[in-house]
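Residue numbers (my numbering): 163 to 368.
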Amino acid sequence: MKILIIDNDESLRYMLTEFCKHAGWESDTAENGREGIKKFHQDEYDIILVDYHMPEMDGLQTVREIRKHNEYIPILVLTVDERQEVADKFLEEGATDFALKPVKAPDMISRIKLHVQIANMKHVQEEEEDVFTTKGISKQTLKSIANYLQNHPGPSSVDVISKQIGLAYPTVYRYLMHLLEEGKVKQIVSHQKIGRPKKLYKWYSN
């Protein structure tokens, strides 16, 4: 895990770096928001710790800028200011959480672990949803068709599958095309004695 620490207080930067070492994590530091943004663009981080009051570019501007480029990375704001309106401003800009100074090692380490875990789960979930949404494919329907084909080793036609699992012919056909494209299903052309050849589908286990 790699952490970016953005704080103009040298002693706090040192202390947070020591926290990271203790937890077995890598860390980079920046003394203001401008330098922090530059490092953020140059490397990959799992979480960012941002101080509120900094010269050149304060924590609010820093959070806003990071969120323009990355919506997933957890941003933990460090502040001595307990006012609700400050918290609200940061949340509006996309901050994930707050830690009041002076920070304590056990609290900081457990928060970092938690937020990185949540961010990773959210990222994976949204990526999966994007894949299925863009193709107009429902995971549940896909699973029903895949299960049917896996439990019926012989090739089946679209109309047979559609009757067996109670889905409309065009829906089954579209999902079969998707599975064919993914290499999960094999198409077999069956030549009939009368009429056009019939296309059958079977689960492809290589």
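Even for Gly, the Cβ is constructed at its ideal location relative to N, Cα and C.
For Gly195, collect the residues of the same chain with a Cβ closer than 8 Å to its Cβ; drop the 5 residues on either side in sequence, then sort them by chain order.
Ile168, Val212, Met216, Glu218, Met219, Asp220, Gly221, Gln223, Thr224 and Glu227
* Asked: Leu329 by DSSP, collapsed to three states: which one?
  -> In the three-state reduction of the DSSP assignment, Leu329 falls in the coil class, being assigned neither a helical nor a strand state.
Quiz prompt | DSSP three-state assignment for Ser189, whether helix, strand or coil | solution = strand
Inset, instruction - Pick helix, strand or coil for Val239, following the three-state DSSP scheme. - result: strand
Margin query: Here's the rule I'm using: 16 or more other beta-carbon atoms within 10 Å means buried, otherwise exposed. How should Arg358 be labelled?
Written below: Here Arg358 is exposed, its C-beta having fewer than 16 other C-beta atoms within 10 Å.
Around the Cβ of Ile356, are there at least 16 other Cβ atoms within 10 angstroms (buried) or fewer (exposed)?
exposed
Between the Cα of Arg229 and the Cα atoms of Glu254, Val265 and Asp269, which residue gives the shortest distance?
-> Glu254
Review point. Any idea what DSSP makes of Ser352, helix, strand or coil?
Key: DSSP places Ser352 in strand when its eight states are reduced to three.
For the alpha helix (DSSP H) containing Val248, name the first residue and the last one.
Gln246 to Glu255
Original post:
Looking only at C-alpha atoms, which of Thr303, Thr258 and Pro315 sits nearest to Val334?
Top reply: Nearest to Val334 by alpha-carbon distance, out of Thr303, Thr258 and Pro315, is Thr303.
Legend entry - Contact check, Tyr331 vs Val322, beta carbons under 8 Å: no
Check your understanding: Looking at the structure shown, is Lys364 part of a helix, part of a strand, or coil, going by DSSP?
Key -> strand
Quick one: is Val242 buried, meaning 16 or more other Cβ sit within 10 Å of its Cβ, or exposed?
Classification of Val242: exposed, given that the 10 Å Cβ count is below 16.
With distance defined between alpha-carbon atoms, name the residue in Ser324, Glu206 and Leu311 nearest to Leu342.
Per the Cα distances, Leu311.
(Q) For the pair the segment 251-266 and the segment 233-241, tell me if three or more CB-CB distances fall below 8 Å. (A) yes
Item to check | Reduced DSSP secondary structure (H/G/I, E/B, other) of Lys266 | outcome: Per DSSP, reduced to three states, the secondary structure at Lys266 is coil, with no helix or strand assignment.
Backbone CA spacing between Trp187 and Ile307 [nearest angstrom]
Cα to Cα, the separation comes out at about 45 Å.
Over the uninterrupted beta strand (DSSP E) stretch that includes Ile449, give me the two end residues.
For the chain, the structure presents residues 163 to 368; residue 449 sits outside this window and is missing.
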